[in-house]
Amino acid sequence: MEGEILLLVAIREKIDIPHLCYEESLDPYGACRLCMVEVVTCGKTEMTTACTLRVYNGLEVLTDTPEIIRHRKTLFELYLAEAPKSEIIKTMAERYGVTKTPFLKKIVHDDPLGGKCILCGLCVRVCNEIMGASAIQFINRGPYTVVNTPFFEENPVCMGCGTCAKVCPTEAIVIEDISDERIMKSWSNTKIRRIACTECGRYFGPEPVMKYINTRLDPDLIEKLHTICPACRGKTIARQEILAKRGDIGNHV
Amino acid sequence: MGGSMRIKSRSDLEEVRTIGLSKIQPDRPRIAIGLSTCGIAVGGENLFNRLYTLIKEGGYDIALTKVGCIGYCKEEPIVAVTIPKKPLILLHRVFPENAEEVINAVLKGEVPESLALCRILEWDHITGILQYGEGFDTIPLYNDVPFFLHQTKVILRDAGFINPEDIDEYIAVGGYEAAYTTLTERDPDAVIDEVKQSGLRGRGGAGFPAGLKWEITKKAKGTDKYIVCNADEGDPGAYMNRNEMESDPHMLVEGMLIGAYAMGISEGLIYIRAEYPLAIKRLRHAIDQAREYGLLGDNIFGTSFCFDIQLATGAGAFVCGESTALVASIEGKTGRPHPRPPRLTDSGVWGRPTDLNNVETWCNVPVIIAKGSKWYSGIGNSSNTGTKVFSLVGKVENVGMVEVPLGTSLHRIIFDIGSGGAGGKAVKAVQTGGPSGGCIPVRLFDTGVDFENLNRIGSMMGSGGLVVMDEDTNMVDIARYFINFAASESCGKCVPCREGLKHILLILNKIISGKALAQDLILLASLSDTIQKTSLCGLGQTAVNPVQTTLKYFMNEYEAFISQEKR
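Chains as they are written, first to last, in the working numbering: chain A, 14 to 266; chain B, 6 to 572.
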């Protein structure tokens, strides 16, 4: 379709274009440079990123010329040096025949992202653009760039939603749930209170997220959703369904 | 003239012109010190203070003032002395201890000949000609000075002659005349046509036709558009824009005013780096003065046109000179580039169509309007019209600000104007275009300096820095210097620039420490290529130019670092 992002078209058509920093719900960012393709105009080719290119009728694109493959290989070598602990990067690179890197590997002791971060910025962007929390940001610039909370301190604005970990392409972000606490290991050990289910007593959602959701819910639903864990909610719904079938009470939630 | 004077007619402008002329050519001696950053750096301010004290204590009838930099930075502090009915005399290397000598001579209607650099009988300000008197025949003429002889002063026409902190003096030499004619008599589209006809190309480095960009911005959908001046000059060794703003700030204001009228835009911004405090001060002052005279603000020249300029200062990031990063910085965000399109002309500052031009591009506008596109396109060659200001620095004899027509050969600039290597050493190469440019070996010095020629030999125009290297300079070390700069100024967004430049630097360090193998040179070349082809913005794409050109032209110097047994 005219105006669609080329990378999305490629994904739909099962044309393999490697990418690390693209997420459909966010603005195109163009940082990982892996999705570079060659656009052919009047016999001349020009390299550009598939995640920023909008398609139009008659667009001619080459996705795996020797030139592109050569650059992708070098980029993978750079990624292998930057995130030497990432198995996902290793797997992606292997598909291009890249199994080792000629570059000096980046070794950071006590790296909160475990030597897996490739600074694609997805976590920063979802936290900012989707969740509106802006709990994490880029720190420093150039080769010294890292992602973390301001001043590497626990950040009270973090809701503990975990969207950052969900979108991370290299699974670098570590979150640990211990009873009533969620610990954002990668984000300066920011701690978030979890709430207990009023039915079974088990801890489930992070409190700030539940509150955030409440602001967007029908007041009638808040009581039931806020305090009951998904498992118990399922049971409640099932019970109500059965009762309704028997004609005892009205509708379910 | 009262502070509330607003210029509404040609006769108002004439009135100010008369006042201004009486300041530039008063009926008493005038001593003007070149006080741009370069002049201040070599003690110009001390000289000014010493002269001020002497004149005050002696109660002498001498006008003491400051002017911008005439460009001959090597000979600073430069003092311009005007004695009624005598030629304008430039004194050079004047220090506080010479102050009494200067005053005593001037009081006798003379100048200290031992300090004299040259005399000027008549000066073409392009927008007007000033005649000086006769005399002092033993002092060389302006054109007898090799540094000046081959230059063509168009943008620097007023630099060193007028007080940059006094709008009256700018108006005295024909300033704001072009803006007046434009706003009161000309059709906006005709102004754009004039700029297109002139062939003016963006002086920020890319060389995009300025008139075309104006037209695109004007036609872009949207309201409340912006025009922006890029004054984030950050190349090491480049200070053309600084000098232009410090020496003649009204030239920039007038250029933007004409552009705003042509595009029908009422808001202007100057994005200037915070490291230029004097330029910021003088620009603010110039903008205030222009507002006072009704040349900025509402109903300019009494017409219905409204336009004003605000300043936005940077926070010390080289990458903010890149257009999209610059916009992010103006909006208060981190200065990181984003992919284009959308281009600024569609979505720039606060998402509105924005026209962004370099300081020097704007500075060309008043003369194009004043003298016409035909006159302007007669300078330079067919596809590279006009002049370009270069800062000639490094290991060259005559360090300074050089303005020549585009297409002038490097040989002319470096040997004829610059007098070759400092201290008589042999010149080996020149780096053009700052950290994003390349090193051009002396055997290619016949190359005419224009946008296409420089690209063809692996370098670029950039904003106009020329760093000269002599026989003692190691080219691998030069490459390392520029890569170190680019790597630490990378914003860190895309991987080739952030990681790639870091590894280039590591490889160069390895080479210089003598630990590299021949294969490291191959790795260096292939990594450079990937960085150039895959980086997100201009910084990364061009940052490897110093490496690529030194590999191409000075391979022997790389090989010398690789020991025989390792080859």
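Quick reminder that beta carbons are idealized off the backbone N, C-alpha and C, glycines included.
Any beta carbon of chain B sitting closer than 8 Å to that of residue 22 (chain A)?
no
First and last residue of the beta strand (DSSP E) that includes residue 120 (chain B)?
Run containing residue 120 (chain B): none; DSSP gives neither H nor E here.
Quick one: which chain B residues come within Cβ less than 8 Å of residue 95 (chain A)?
Within 8 Å Cβ-Cβ: 500 and 504.
Find the nearest neighbour of residue 222 (chain A) within the set A:140, A:212 and A:214, judged by alpha-carbon distance.
A:140
Rounded to the nearest angstrom, what separates residue 310 (chain B) and residue 547 (chain B) at their Cα positions?
Cα-Cα distance, rounded: 41 Å.
Which same chain residues end up closer than 7 Å to residue 164 (chain B) when comparing Cβ atoms and leaving out the 5 residues on each side of it in sequence?
73, 74, 75, 76, 248, 252 and 253
8 Å Cβ cut-off: residues of chain A touching residue 497 (chain B)
132, 151, 153, 154, 155, 156, 157 and 158
Residue 512 (chain B), buried or exposed, once every other Cβ within 10 Å from all chains shown has been counted against 16
Answer is buried; the Cβ neighbour count reaches 16.
Give the secondary structure of residue 235 (chain A) by DSSP, where H, G and I count as helix, E and B as strand, and everything else as coil.
helix
Looking at residue 423 (chain B): is its Cβ nearer than 8 Å to the Cβ of residue 402 (chain B)?
yes
Could you pull out every residue in the same chain whose Cβ sits closer than 8 Å to the Cβ of residue 419 (chain B), ignoring the five residues on either side in sequence?
397, 401, 425, 432, 435, 450, 471 and 473
Residue environment, residue 33 (chain A), which counts as buried when at least 16 other CB atoms sit within 10 Å:
buried
Which class does residue 382 (chain B) belong to by DSSP, given the choice of helix, strand or coil?
helix
Contact defined as beta carbons within less than 8 Å: I believe residue 158 (chain A) pairs with residue 151 (chain A). What is the distance between those atoms, to the nearest angstrom?
Sure, about 5 Å apart at Cβ, within 8 Å.
Listing by chain order, which chain A residues have their CB less than 9 Å from the CB of residue 339 (chain B)?
150, 151 and 154
Any C-beta of chain B under 8 Å from that of residue 46 (chain A):
yes
Quick one: which chain B residues come within Cβ less than 8 Å of residue 43 (chain A)?
343, 344, 499 and 541
Measuring only the C-alpha atoms, how far is residue 191 (chain A) from residue 182 (chain A)?
In a straight line, the C-alpha of residue 191 (chain A) is about 25 Å away from that of residue 182 (chain A).
Among B:22, B:296, B:41 and B:173, which has the Cα closest to the Cα of residue 283 (chain B)?
B:41
How about residue 178 (chain A) and residue 162 (chain A): do their beta carbons lie closer than 8 Å?
no
In chain A, which residues lie less than 9 Å from residue 538 (chain B) when you measure between Cβ atoms?
49, 60, 80 and 84
Quick one: is the Cβ of residue 491 (chain B) within less than 7 Å of any heavy atom of the ligand FAD?
Looking at this structure, you won't find the ligand FAD or any other ligand, since it has none at all.
Proximal chain B residues relative to residue 69 (chain A), where beta-carbon distance stays under 8 Å
Near residue 69 (chain A) there are no residues of chain B at all, since even the closest Cβ is about 12 Å away, more than 8 Å.
For residue 246 (chain B) and residue 365 (chain B), I'd like the C-alpha separation in whole angstroms.
7 Å
Would you say residue 520 (chain B) reaches chain A, if we count a Cβ-Cβ gap shorter than 8 Å as a contact?
no
Any Cβ of chain B within less than 8 Å of the Cβ of residue 265 (chain A)?
Interpretation of residue 265 (chain A) is limited by its pLDDT of 45, a score under 50 that renders its predicted location unreliable; no figure is taken from the coordinates.
Alpha-carbon to alpha-carbon, residue 530 (chain B) and residue 480 (chain B):
15 Å
Considering only residues of the same chain and omitting the five flanking positions on each side of residue 201 (chain A), which have a CB-CB separation below 8 Å?
125, 161, 162, 165, 166, 167 and 168
Cα separation between residue 122 (chain B) and residue 65 (chain B)?
25 Å
Just how far apart, CA to CA, sit residue 497 (chain B) and residue 129 (chain A)?
16 Å
Tell me whether residue 362 (chain B) sits in a helix, a strand or coil according to DSSP, three-state version.
strand
Does chain B have any CB closer than 8 Å to the CB of residue 53 (chain A)?
Proximity of residue 53 (chain A) to chain B, defined by a Cβ-Cβ separation below 8 Å, is not satisfied.
Per-residue DSSP class, three states only, for residue 203 (chain A)
Secondary structure at residue 203 (chain A): strand, using DSSP grouped into helix, strand and coil.
Can you find the residues in the same chain that come closer than 8 Å, C-beta to C-beta, to residue 268 (chain B), ignoring five residues on each side of it along the sequence?
193, 197, 219, 222, 223, 230, 232 and 360
Would you mind giving the Cβ-Cβ distance between residue 327 (chain B) and residue 346 (chain B), rounded to the nearest angstrom? I have them listed as a contact below 8 Å.
Contact flag wrong, Cβ pair sits at about 15 Å.
Our contact map puts residue 64 (chain A) next to residue 31 (chain A) with C-beta atoms below 8 Å; I'd like the distance itself, whole angstroms only.
Wrong, their Cβ atoms sit about 11 Å apart, outside the cutoff.
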